[in-house]
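In the numbering used here, the protein residues as written are 134 to 503.
The next block holds one structure in the form of structure tokens; read it before the comments.
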């Protein structure tokens with residue numbers, strides 16, 4: 134029986150990641166529907182198995198004809214047709230027909246206009262010939278590539294790692310925007326994010342996910358819709374409340390083998406979760422994580438609470454890091470900050486003038502998931 138009582142136990146951020154790592158299998162490839170692959174990295178080359186389109190397609194409403202039979206046709210001397218086929222735009226046009234005449238360019242048995250082969254027709258292989266490579270292994274699927282693959286009739290793709298599941302109330306506009314922020318950062322790491330409503334939260338237990346994120350209200354409690362949806366999922370197990378600030382009300386757990394986090398739909402909580410838990414989890418085992426920290430002296434002393442990992446936001450001022458906020462802050466501090474540093478739970482703070490390694494809040498996107 135899943136434990137659905139709201140937890141009070143604090144768990145160190147490092148221990149949450151260790152529990153996820155111990156209980157989740159190593160991320161492997163996943164075959165997913167194309168709409169769920171946007172942001173992910175292609176695991177293997179993607180090529181067309183057959184010509185696209187495989188059959189000629191009418192571009193207008195009219196009649197499919199054999200172009201050679203319309204030679205010399207005009208309204209005054211119509212050409213006789215051995216056969217024709219009424220078609221609508223988008224219909225397949227089978228051989229031997231190789232052109233489409235408009236409805237006013239003849240009848241079922243005559244043509245009033247001479248047509249060249251291919252007239253008003255998308256020919257076989259126009260989009261791509263058989264064996265055309267559309268994406269190479271390691272390519273990130275952006276919206277343009279997804280549109281290419283869809284047009285080429287490729288409904289599913291093999292991606293390097295399973296997607297992240299984002300459970301969001303569609304009627305909560307703030308949650309939707311925060312989910313978009315999370316999804317963008319997740320995609321920048323070569324992982325797709327699939328957004329569903331709480332009514333479809335059961336998808337969390339239907340297949341392996343790289344991570345499941347449930348966005349709730351402005352703080353998580355026992356009556357929060359996201360908490361209820363997460364704990365109702367088959368296989369839910371509670372790990373505890375990460376000892377993280379911001380993020381004191383979020384809850385870590387797992388659904389089956391999938392690491393799971395229930396968090397408030399606030400920018401400060403989302404940012405702390407991203408930097409302390411989500412991105413480190415997605416980067417686990419990767420060899421291409423950039424060492425993008427920049428070291429400067431600290432302009433003023435920072436004080437931290439022992440027992441919590443605390444997120445510090447800073448901005449450069451006169452060659453030093455100016456601490457804007459630590460542990461507890463609002464939207465204004467997030468807007469003003471350019472870099473961040475996560476203080477360990479053993480830290481009581483950092484003295485003024487001490488060197489501080491801070492990382493940019495907006496890192497460069499990753500192009501490879503290897």
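Quick reminder that beta carbons are idealized off the backbone N, C-alpha and C, glycines included.
It should be emphasised that the depicted structure is a prediction, and the values quoted were computed from it without experimental measurement.
Taking only runs that begin and end inside the segment 255–301, name each unbroken beta strand (DSSP E) of 3 or more residues, in chain order. 266–268, 289–292, 297–300
Residue 442 in three-state terms, based on DSSP: strand
For residue 474, count neighbouring C-beta atoms within 10 Å of its own C-beta (all shown protein chains included) and say buried if the count is 16 or more, exposed if not. buried
Can you tell me which residues form a DSSP beta bridge with residue 245? In the DSSP output, where bridge partners are listed per residue, residue 245 has none listed.
Where does residue 323 sit, in a helix, a strand or coil, going by DSSP? coil
Let me check one thing: in DSSP terms, what residues is residue 450 bridge-paired to? 453
So does the segment 326–333 actually touch the segment 372–389, counting three or more Cβ pairs closer than 8 Å? no
Selected residue, minimal CA-CA separation from residue 247, among 279, 275, 213: 213
Which residues does DSSP list as the beta-bridge partners of residue 239? 244
Considering only their Cβ atoms, is the gap separating residue 262 from residue 232 smaller than 9 Å? no
Per the contact definition of three or more C-beta pairs closer than 8 Å, is the segment 397–410 in contact with the segment 432–439? no
Inspect the CB distances between the segment 272–289 and the segment 162–180 and report whether three or more fall short of 8 Å. yes
Measuring CA to CA, which of 468, 308, 393, 180 is closest to residue 399? 308
Start and end of the beta strand (DSSP E) containing residue 74? Residue 74 lies beyond the stretch modelled for the chain, which goes from 134 to 503, so this question has no answer here.
Should residue 480 be counted as a contact of the ligand SAM given a C-beta to heavy atom distance under 8 Å? This structure does not include the ligand SAM; it has no bound ligands of any sort.
Which full runs of the beta strand (DSSP E) of 3+ residues lie inside the segment 323–410, going along the chain? 326–329, 344–348, 369–375, 384–388, 391–396
Are the Cβ atoms of residue 506 and residue 152 separated by less than 9 Å? Nothing in the structure corresponds to residue 506, since the chain is present only between 134 and 503.
How would you call residue 141, buried or exposed, if buried means at least 16 neighbouring beta carbons within 10 angstroms? exposed
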